[in-house]
Amino acid sequence: MAIGMILKMIQKGIGSIVIALVVAALFAPSAQAQLLSRGDLFGPGAPPPMIGVELGLGMHSQMGTYRAACQCEFTDGSQSGFLGGLLFELPLSYEWTVGLGAKFDFGGLNNSTLISDTATIRFDNPLDSVAYGIIKFQRLGTVRMTTLVLNPFVKYEFYRGGPFVQLGPGLGFVLSSSFVHNRELPSSTVTVIDPRTQATSTLTGVTFENGSNKEELENDNPITGLNSMQLSIMLTAGFDLPVGENSVVAPMVTYSLPLSKIRETDATDWKISTLYVSLGLKYKLD
120 MAIGMILKMI QKGIGSIVIA LVVAALFAPS AQAQLLSRGD LFGPGAPPPM
170 IGVELGLGMH SQMGTYRAAC QCEFTDGSQS GFLGGLLFEL PLSYEWTVGL
220 GAKFDFGGLN NSTLISDTAT IRFDNPLDSV AYGIIKFQRL GTVRMTTLVL
270 NPFVKYEFYR GGPFVQLGPG LGFVLSSSFV HNRELPSSTV TVIDPRTQAT
320 STLTGVTFEN GSNKEELEND NPITGLNSMQ LSIMLTAGFD LPVGENSVVA
370 PMVTYSLPLS KIRETDATDW KISTLYVSLG LKYKLD
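Anchor point for the sequence shown: position 161 equals 280 in my numbering, and the numbering is continuous, going up by one each time.
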């Protein structure tokens, strides 16, 4: 009888253990999700670190002026560009995060100015006859820069999986740069004004001496006197959208306020500000 009771107790114990194992197996995924979402790097209230990529477009806008070798001034330039890089985030709590972005910024400026200038006009008929007149043409300035930007930042998230703002310096290292200065005739038919008599005449088939309507005046590669280190302040607003248990999609808008001048010579407070619209794809490190 005593042996039978012992066997029944053993069976009950085994049954309890089996039930406990089944319950643990059923709740294992939710427990794992709880662990991944909270983490314990800086305590139970901090999510795990994240790595990711950032891709986007930027609009570069000119501040100040710069001058070509002819001392011609360029102002009000702009140009769209491409942004791509890597992100790392280390949460300190559910609200505060420190991080680092390493981004390649491909951008620059396009400048166009319509001017009038005195030109020497050579005619084919009569052969090699020469006249002088004021002619209008476009002066084109094209700036291109590729910059590696390191952006350490502090991020504040207003609530978990929601809107955030982040702020930090931008340390830009210019990897390549160029400036090309062209002039271009808007049309092969031009109206010429005689500067002495103010009489006007219409000419057709007008080109520059190279036989086309566009002429390169300067090609500065890399840009002379360029400051290879460009400092800025980068302010970002975005929204963290969880995708599954381990990944986040974050649309972001970033404004980069320049602190450094592009160059000191042949320029007056020449800087480039940028507004980025980008998408971050981030993954939790468990």
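No residue lacks a Cβ here, since even glycine has one placed at the ideal position from N, Cα and C.
Values in this document were obtained by computation on a predicted structure and should not be read as measured data.
Here the stretch 234-245 makes no contact with the stretch 275-284; the two share fewer than three CB pairs at distances below 8 angstroms. In the three-state reduction of the DSSP assignment, Leu304 falls in the coil class. The stretch 318-325 makes no contact with the stretch 336-348; the number of CB pairs closer than 8 angstroms stays below 3. Out of Leu211, Thr384, Gly204 and Asp236, the CA that lies nearest to the CA of Lys274 is found in Leu211. When DSSP states are grouped into helix, strand and coil, Asp236 belongs to the strand group. Ile170 is positioned such that its CB atom lies no closer than 9 angstroms to that of Leu202. In this structure, DSSP gives Lys380 a state outside helix and strand, which the three-state scheme calls coil. DSSP places Ser347 in the coil class of the three-state scheme, outside both helix and strand. In this chain, the beta strand (DSSP E) harbouring Leu360 covers Leu360 to Val362. DSSP places Leu206 in the uninterrupted beta strand (DSSP E) bounded by Ser197 to Pro210. If the five residues before and after Val309 are omitted, its C-beta is found closer than 8 angstroms to the C-beta atoms of Ile254, Lys255, Thr321, Leu322 and Val325, all from its own chain and listed in chain order. When the five nearest sequence neighbours on each side are left out, the beta carbons in the same chain lying within less than 7 angstroms of the beta carbon of His179 are those of Ser197, Gln198, Gly200, Gly226, Gly227, Leu228, Ile391 and Thr393, in order along the chain. Restricted to the stretch 252-334, the beta strand (DSSP E) segments that are unbroken, complete and at least 3 residues in length are 282-303, 309-312 and 319-322, listed in chain order. The C-alpha of Glu192 lies about 13 angstroms from the C-alpha of Thr261.
In the displayed model, Thr194 falls within coil according to three-state DSSP, outside both helix and strand. In the three-state scheme derived from DSSP, where H, G and I count as helix and E and B as strand, Pro166 is classed as coil. By the Cβ criterion, the stretch 294-307 is not in contact with the stretch 349-365, since fewer than three pairs of Cβ atoms, one from each stretch, lie closer than 8 angstroms. Within the model, the alpha-carbon separation for Arg315 versus Ser351 is close to 51 angstroms. In this chain, the beta strand (DSSP E) harbouring Leu394 covers Ala386 to Lys403. With contacts defined as CB atoms closer than 9 angstroms, Asn270 and Gly289 qualify as a contacting pair. When secondary structure is reduced to three states using DSSP, Asp339 falls in the strand class.
In its chain, beyond the 5 residues on either side, Thr323, Gly324, Val325, Thr326 and Asn332 have a beta carbon closer than 8 angstroms to the beta carbon of Ser307. Excluding its 5 nearest sequence neighbours in each direction, Leu378 has C-beta neighbours in its own chain below 7 angstroms: Leu350, Ser351 and Ile352, listed in chain order.
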